[in-house]
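With my numbering as the guide, the letters of the sequence shown map in order to residues 9 to 263.
Quick reminder that beta carbons are idealized off the backbone N, C-alpha and C, glycines included.
Below: the structure, in structure tokens.
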Amino acid sequence: MTVNNNIAEKKQAPSIVFENVSLTYDAIPLFDRLCLEIEGGRCTCILGPSGCGKSTLLKMISGSPDTPYQGQIVLGAAEKSATCAWMSQKDLLLPWLTVLENVLLGARLRGEVDDVLKEKAGSLLVEAGLDNYSSSLPAVLSGGMRQRVALLRTLMENRPVLLMDEPFSALDALTRLKLQNLSATMTRGKTVILVTHDPLEALRLGDTIIVLAGNPARVDTSLCPKGSAPRDANDEIFIRDYPVLLSRLLDAEKL
Ligand code: ADP
Ligand code: MG
């Protein structure tokens, strides 16, 4: 799903700043004067206990109408001046469109589908192992295949800001590695916020890793692992930083 479609592919990758952002659902404060700066052009991974507000955080940035927050969320120089592509935790595929049509959905809605975009979508489907399904409807796909289609649809948008909500959660280990690599390559230099429940995934992909915790949620931990993503399995980070991150997550569960 895209936000602010009218602004075409901006090249800059803005930072995102939360200034005293508060949000209350059903009289329970989910965020209370949250201040947070997300660096532009980098991948920030967000971890935290289930229900702490990770998906809501992405929705607030995207401008979703069901997140009536107070305070300010500033993208780059001017509030909401940049565009985001948002990959929801649910795949939100349109059941009456084929896999290829779903991947091209944004361009289709804007009346921009052409041979170049069709070719790009076709080659992404090959990379994601879905080329034999390009004419299939979503109903015949497994959960992992549907998630890959949703991921490709998001990557096709080529927006400066990508909000990705557990984008690899339904994939088997090898497909996950492959799609993480594809995603990291295609989003390099963009502002990516990737919500995940997997600390290893965060260490593999994140330039910055944030643990959200508490009630209301706040930034409990922030790490900037060394080296550039995607990190391979031999990277010393998995020995050095994984135990630290895991213990922070276990502590966050208790808050
Ligand atoms: P997470 O992604 O960290 O698991 P969410 O951001 O989805 O958590 O939800 C955080 C909390 O806000 C949960 O308790 C959830 O039930 C509640 N919540 C989310 N969206 C809404 C909504 N539209 N209306 C009311 N409560 C909501
Ligand atoms: Mg969520």
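Measure from the alpha carbon of residue i to the alpha carbon of each residue in the options, then state which is nearest.
i    : options                : result
D259 : S236, L170, T229       : T229
K98  : S144, T162, N28        : T162
S72  : S96, R50, T204         : S96
Q271 : D139, R167, M68, S177  : Outside the modelled stretch of the chain, which goes from 9 to 263, sits residue 271, for which no answer is possible.
S70  : P146, D122, V111, I201 : I201
L44  : L65, G222, Y33, S191   : L65
V169 : L55, L117, W94         : W94
L190 : V203, P175, T204       : P175
Y250 : T195, Q188, D173, L231 : L231
V5   : S255, V111, G48        : The requested residue 5 is not part of the displayed model; the chain covers only 9 to 263.
G222 : T195, S131, L55        : L55
Would you kindly work out how many angstroms separate the C-alpha atoms of residue i and residue j, rounded to a whole number?
i    : j    : result
L159 : Q78  : 30 Å
L133 : K234 : 32 Å
D243 : P57  : 26 Å
I245 : T193 : 20 Å
G137 : T183 : 9 Å
S23  : D215 : 14 Å
I217 : K62  : 13 Å
L253 : T199 : 22 Å
T106 : I46  : 36 Å
M68  : Q80  : 10 Å
D123 : L208 : 38 Å
E27  : D40  : 11 Å
A147 : L102 : 10 Å
L100 : L42  : 29 Å
R239 : L171 : 21 Å
K126 : I247 : 43 Å
S236 : Y33  : 38 Å
N140 : L108 : 11 Å
S150 : A115 : 25 Å
L38  : T75  : 11 Å
K186 : V157 : 14 Å
M164 : R212 : 23 Å
K262 : H205 : 16 Å
L83  : E120 : 26 Å
S142 : R256 : 42 Å
V227 : N110 : 35 Å
W104 : L145 : 7 Å
E135 : L179 : 14 Å
L31  : R50  : 26 Å
For the beta strand (DSSP E) containing residue i, name the first residue and the last one.
i    : result
S30  : 24-33
G152 : Taken as a continuous stretch (DSSP letters only), G152 belongs to no beta strand (DSSP E), being part of the alpha helix (DSSP H) at 151-164.
A93  : 92-95
Q78  : 78-83
Per the DSSP calculation, residue i is bridged to which residue(s)?
i    : result
S230 : I218
C51  : V200
D173 : V203
E45  : V25
F39  : L31, A225
Please confirm whether residue i and residue j have their CB atoms less than 7 Å apart.
i    : j    : result
C301 : R167 : This structure cannot settle anything about residue 301, because the visible part of the chain is limited to 9 through 263.
G197 : A21  : yes
C60  : A225 : yes
K219 : D173 : Sequence check: residue 219 is Val here, not Lys. In this structure, D173 does not lie closer than 7 Å to V219 by Cβ.
A129 : L117 : no
Just curious, the alpha helix (DSSP H) that residue i is in, first and last residue?
i    : result
E109 : 107-111
V124 : 123-135
Q188 : 181-194
E261 : 250-262
K62  : 62-70
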